[in-house]
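Encoded as structure tokens, the structure appears first; notes follow it.
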Amino acid sequence: MDSGEVMLRPVRPADRERIEAICEKVWEGRDHVPHQLDSWLADPAATFQAAERNGEVAGIQRLLPVAPGIVLYHALRVAPEYRRQGVARSMLRQALMEARRLGFSEVRLYTGEPEAATLFRSEGFQELTDCVTWTGARLEGGELPELARPGDVQVLARLVESDPALAAYGGVTADWSGPLRPDADLLGKLIDEGLVRVGPGRRSLALLRRNWLPEMAVTFLAGTGSSLEELLYRLRAEADAQAVAACSLLAPQDHPAADTFQAVGYDRAHDEKHALIYSRGL
């Protein structure tokens, strides 16, 4: 393949067929990107780019503002015939320059691909956390977890700040749509979206990932003792109530409650998928 210069431009509606072809073999054909194209094309807040080489779309990437000064780098996809030719590195470097030009001070990203992680580290990204997946099969007929209420924000924010789980997570949630610090502002937003579950006495909490069927996925978990145990059981019951296969916990291997996960039926023996979260200052 000719090693022409990689040129970036905005993604166009006419790129759909090519993007679908690029994404076809990602995650065994279950890539979410093709399903997001319409909303991403219509989103003026994000920077959605196609990379061209020799007049052909070789890849795509996206910059999404997620907090003041922080932008998420995601949706990096490179066509198989353009891999291992420096295309991804060129795209990433240009994205960093664009983020700096737009006034951001930090870029964060989430990946489950070791090869991509090697690229990011070589370009100055620092690992915030490495989460593994613990899976708890749905539990029929159990009591459902309680949804947090707006009035719970300050209590839950204090719980998070005092829990050693926060440091284990690198200070952020394991959420591909925006790994952010679970402070009072974020907790309030997630509560409004119905994505926060609490254990008895408000002594434990779980933050859920948006739109992750056919599984429930927890992106941050804090708490101890019987409250946390009960919450973990109830999350499995909620999976059953939603008719999904399981509840998945994304948690660092050194999570302070890892022994509790196993004790209440969560297993990682058959799932070595990792969620790697990185950050780089600009």
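So the mapping is simple: the numbering used here equals the position in the sequence shown, first residue as 1, plus 1. For every residue, glycine included, the Cβ atom is placed at its ideal position computed from N, Cα and C.
Would the C-beta of Arg182 count as close to the ligand SAM, meaning under 6 Å from any of its heavy atoms? Absent from the structure shown: the ligand SAM. Ligands present: none.
Could you check if Asp16 is buried or exposed, using at least 16 other CB atoms within 10 Å of its CB as the buried criterion? Mapped onto the sequence shown, residue 16 falls at position 15. Answer is buried; the Cβ neighbour count reaches 16.
By how many angstroms is the C-alpha of Glu82 removed from the C-alpha of Gly113? Stepping through the sequence shown from its first residue, residue 113 is reached at position 112. Stepping through the sequence shown from its first residue, residue 82 is reached at position 81. Going from the Cα of Gly113 to the Cα of Glu82 covers about 21 Å.
Considering only residues of the same chain and omitting the five flanking positions on each side of Met2, which have a CB-CB separation below 7 Å? Counted from its first residue, the sequence shown places residue 2 at position 1. In this prediction, Met2 scores a pLDDT of 47, lower than 50, which makes its location untrustworthy; no coordinate-derived value is stated.
Can you tell me which residues form a DSSP beta bridge with Val288? Because the chain spans 2 through 283 in this model, residue 288 falls outside it and cannot be assessed.
Between Arg269 and Ile61, what straight-line distance do the alpha-carbon atoms span, to the nearest angstrom? By one-based count along the sequence shown, residue 269 stands at place 268. By one-based count along the sequence shown, residue 61 stands at place 60. Our two residues, Arg269 and Ile61, have alpha carbons roughly 32 Å apart in a direct line.
What is the residue span of the alpha helix (DSSP H) that Leu160 lies within? If you number the sequence shown from 1, residue 160 lands on position 159. Counting along the chain, the alpha helix (DSSP H) containing Leu160 begins and ends at Val154 to Ser163.
Quick check: the segment 196 to 209 against the segment 128 to 144, are at least 3 beta-carbon pairs closer than 8 Å? Contact between the segment 128 to 144 and the segment 196 to 209 is absent, because fewer than three Cβ pairs lie under 8 Å.
Kindly confirm or deny that the segment 148 to 166 and the segment 189 to 198 touch, where touching means at least three C-beta pairs closer than 8 Å. Contact between the segment 148 to 166 and the segment 189 to 198 is present, because at least three Cβ pairs lie under 8 Å.
Got a sec? Which residues, its chain only, sit under 6 Å from Pro165 by beta carbon, not counting five neighbours each side? Indexing the sequence shown from 1 puts residue 165 at position 164. Close CB contacts of Pro165 within its chain, under the 6 Å cut and outside five residues either way in sequence, are with Pro257 (chain order).
Taking Ala100 as the reference, which of Gln50, Ala117, Asp260 and Gly56 has the closest Cα? Counting from one through the sequence shown, the residue named residue 100 turns up at place 99. Cα-wise, what sits closest to Ala100 is Gln50.
Among Val34, Val7 and Arg90, which one has its Cα closest to the Cα of Arg285? Outside the modelled stretch of the chain, which goes from 2 to 283, sits residue 285, for which no answer is possible.
So is Asp153 buried or exposed if we call it buried at 16+ other beta carbons inside 10 Å? Taking the first residue of the sequence shown as position 1, residue 153 is located at position 152. When all chains shown are included, Asp153 counts as buried.
Whole-Å CB distance - Ser280 paired with Glu107, under 8 Å assumed: For this step, residue 280 is matched to residue 279 along the sequence shown. For this step, residue 107 is matched to residue 106 along the sequence shown. Contact between Ser280 and Glu107 holds, since their C-beta atoms are separated by about 6 Å, short of 8 Å.
Do Leu233 and Val265 have their C-beta atoms within less than 7 Å of each other? Residue numbering aside, residue 233 sits at position 232 when the sequence shown is read from its first letter. Residue numbering aside, residue 265 sits at position 264 when the sequence shown is read from its first letter. Yes, these two residues count as a Cβ contact at 7 Å.
What does the alpha-carbon distance come out to for the pair Asp39 and Ala80? For this step, residue 39 is matched to residue 38 along the sequence shown. For this step, residue 80 is matched to residue 79 along the sequence shown. One Cα belongs to Asp39, the other to Ala80, and the distance between them is close to 20 Å.
Going by DSSP, what residues sit across from Tyr279 in a beta bridge? In the sequence shown, residue 279 corresponds to position 278, counting from 1. As computed with DSSP, Tyr279 is found in a beta bridge with Leu110 and Glu128.
Please say whether Ala185 and Ala168 have beta carbons closer to each other than 7 Å? Counting from 1 along the sequence shown, the entry for residue 168 is found at position 167. Counting from 1 along the sequence shown, the entry for residue 185 is found at position 184. Not in contact: Ala168 and Ala185 (Cβ atoms no closer than 7 Å).
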